[in-house]
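In the numbering used here, the protein residues as written are 3 to 484.
All residues carry an ideal CB built from backbone N, CA and C; glycine is no exception.
A quick note: this is a predicted structure, and the numbers were derived from the prediction, not measured.
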Ligand SMILES: O=C(O)CCC(=O)C(=O)O
Ligand SMILES: [Fe+2]
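Here's what the structure looks like:
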């Protein structure tokens, strides 16, 4: 059993999970090739394929006993995701996907990660560092906060059991990078009409360098949470889960607290960073506590809400009406056995990317069979055609009347490359042709991957691999064509 298998947003897992099976899976991107070339983009109805049972556990639904949202969310209805009126790309009907087999939440009380495997000394080092943080905080996290983080506004601490809102904790450029990253890895989330991008998905992809901004943001949140909550909890905290979440139209979550199931009981503190702005990037999706102050958190890029994961912080997220609400969700634990760093280190060893294998397509299929990458491509205004001869995909930016530009197309190795080019093209503007983007991106990615290998070698601890002021950019930095 791969220890990382007991992972996922639910933090629990299923008996019999194969762990990070996708890292060893042989399934190629674009399975189903060999058929005639066909459109799979806008209006192409997605890639129809019979789906193998996934070896990677789907990120499981967090079982919320007290969540009205779960029962009334209809699952598996084709064409239901989104609802923004944009053109839809549909995949095979739900009965062909079979992808949730064995993926439901299973109580795993007593199941623990084999976190110490090969990492005993590293964990001790971590614990020592956390203990030092705790001592350094002078027993008053809140006090430090007030004088602390330059430019960060703090609210909501008084009498709220440690509940805190940091405004401007993540810089806008980092939020933009993370939103782009969420566009690039839109794997199915642990809740209906959501997408999730866990740090392991990025490290295990063929571009581990893209994990840099995620690790940087993880570090910023981790430090803030440790400063504030370790002292309040009276014990050191470890990061237990780090993932980007994209909430699509129709998604919501009813009243719940974040440690409300057997397999979530290790969770002590929750932190959610908002990466986009309410009423600009999306409508709806306001966060609300049932009691106490602050009662409501209106998402703004860079704002972080953090709170103890117990019942005293029962909360909900109101339905997202339109757009894409992207967050960075992190949970923290006092139980070293659940430390995410050690699970990632177990899986990737000293050098991420060395065990990289394509993430199987099943992980991108929603309950209604929609391939989320195709949906993203469609939303960005691209079509994809799967080629029969020589494999690969043709990525096509359809000219629209407003652009006054010709159709532009390029051949990509797989859907992951299609998405990278599409996202980057969007961020660089339509005057750039796709072939130029492709040329620049491939050298940029080589450099990035070399960079992450270098920083990984410099430190064993994930959260320390980036110097605090090191600029991090995967897509949105000035690239050669600008
Ligand atoms: O995205 C948010 O604002 C909170 C999400 C949440 O409550 C959860 O994932 O448990
Ligand atoms: Fe929650």
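Identify which residue in the options has its Cα closest to the Cα of residue i.
{"i": "residue 243", "options": "181, 250 and 216", "result": "216"}
{"i": "residue 365", "options": "378, 155 and 191", "result": "191"}
{"i": "residue 200", "options": "329, 448 and 398", "result": "329"}
{"i": "residue 333", "options": "197, 326, 343 and 173", "result": "343"}
{"i": "residue 385", "options": "362, 367, 371 and 421", "result": "421"}
{"i": "residue 222", "options": "266, 197, 184 and 273", "result": "273"}
{"i": "residue 392", "options": "245, 414, 374 and 378", "result": "414"}
{"i": "residue 397", "options": "245, 440 and 230", "result": "440"}
{"i": "residue 171", "options": "204, 182 and 227", "result": "227"}
{"i": "residue 314", "options": "279, 290 and 425", "result": "290"}
{"i": "residue 293", "options": "212, 419 and 316", "result": "316"}
{"i": "residue 321", "options": "339, 346, 280 and 349", "result": "280"}
{"i": "residue 318", "options": "433, 259 and 331", "result": "259"}
{"i": "residue 287", "options": "256, 211, 452 and 341", "result": "256"}
{"i": "residue 155", "options": "305, 301 and 175", "result": "305"}
{"i": "residue 387", "options": "368, 416, 371 and 369", "result": "416"}
{"i": "residue 437", "options": "181, 424, 220 and 233", "result": "424"}
{"i": "residue 175", "options": "230, 451 and 429", "result": "429"}
{"i": "residue 447", "options": "418, 193, 375 and 372", "result": "418"}
{"i": "residue 301", "options": "451, 164 and 169", "result": "169"}
{"i": "residue 186", "options": "195, 165 and 209", "result": "209"}
{"i": "residue 241", "options": "224, 229 and 390", "result": "224"}
{"i": "residue 230", "options": "165, 371, 194 and 245", "result": "165"}
{"i": "residue 182", "options": "434, 277 and 331", "result": "277"}
{"i": "residue 220", "options": "188, 233, 361 and 173", "result": "173"}
{"i": "residue 193", "options": "373, 394, 368 and 458", "result": "368"}
Can you name the residues that DSSP bridges to residue i?
{"i": "residue 329", "result": "247 and 276"}
{"i": "residue 414", "result": "395"}
{"i": "residue 298", "result": "290"}
{"i": "residue 385", "result": "398"}
{"i": "residue 155", "result": "169"}
{"i": "residue 308", "result": "166 and 273"}
{"i": "residue 258", "result": "317"}
{"i": "residue 284", "result": "280 and 325"}
Does residue i come out as helix, strand or coil in the three-state DSSP assignment?
{"i": "residue 337", "result": "coil"}
{"i": "residue 370", "result": "coil"}
{"i": "residue 39", "result": "Only weak support exists for where residue 39 lies, its pLDDT of 41 falling under 50; the value from the coordinates is given anyway. Here residue 39 sits in coil by DSSP."}
{"i": "residue 443", "result": "helix"}
{"i": "residue 344", "result": "helix"}
{"i": "residue 165", "result": "coil"}
{"i": "residue 323", "result": "strand"}
{"i": "residue 314", "result": "helix"}
{"i": "residue 419", "result": "helix"}
{"i": "residue 242", "result": "strand"}
{"i": "residue 354", "result": "coil"}
Excluding five sequence neighbours on each side, which residues of the same chain lie with their C-beta closer than 7 Å to the C-beta of residue i?
{"i": "residue 351", "result": "none"}
{"i": "residue 270", "result": "235, 239, 310, 311, 334, 335 and 336"}
{"i": "residue 297", "result": "290 and 291"}
{"i": "residue 443", "result": "422, 423 and 426"}
{"i": "residue 41", "result": "For residue 41, the predicted structure reports a pLDDT of 44, less than 50, and the residue's modelled location is therefore unreliable. A value from the coordinates is still provided. Hits under 7 Å: 385 and 387."}
Below 6 Å CB to CB, which residues in the same chain sit around residue i once its five sequence neighbours on both sides are set aside?
{"i": "residue 307", "result": "167, 274 and 299"}
{"i": "residue 248", "result": "184, 197, 326 and 328"}
{"i": "residue 411", "result": "396 and 398"}
{"i": "residue 455", "result": "353"}
{"i": "residue 283", "result": "325"}
{"i": "residue 237", "result": "336"}
{"i": "residue 382", "result": "424 and 428"}
{"i": "residue 195", "result": "83, 250, 252 and 253"}
{"i": "residue 267", "result": "261"}
{"i": "residue 177", "result": "277, 303 and 304"}
{"i": "residue 331", "result": "245, 247 and 274"}
Can you name, in chain order, every residue of its own chain whose Cβ lies under 8 Å from the Cβ of residue i, other than the five neighbours on each side?
{"i": "residue 409", "result": "398, 399, 400 and 401"}
{"i": "residue 285", "result": "322, 323, 324 and 325"}
{"i": "residue 213", "result": "201, 204, 205, 354 and 454"}
{"i": "residue 451", "result": "209, 210, 211 and 355"}
Could you confirm whether any beta carbon from chain B is found closer than 8 Å to the beta carbon of residue i?
{"i": "residue 433", "result": "Although the question refers to chain B, the structure presented lacks it and comprises just one protein chain."}
In chain order, each alpha helix (DSSP H) run of at least 4 residues that lies wholly inside the stretch 182 to 210: For the stretch 182 to 210, whole alpha helix (DSSP H) runs of length 4 or above, ordered along the chain, are 201 to 205.
At which residue ranges does the stretch 211 to 239 contain complete beta strand (DSSP E) runs of 3 or more residues, listed in the order of the chain? none
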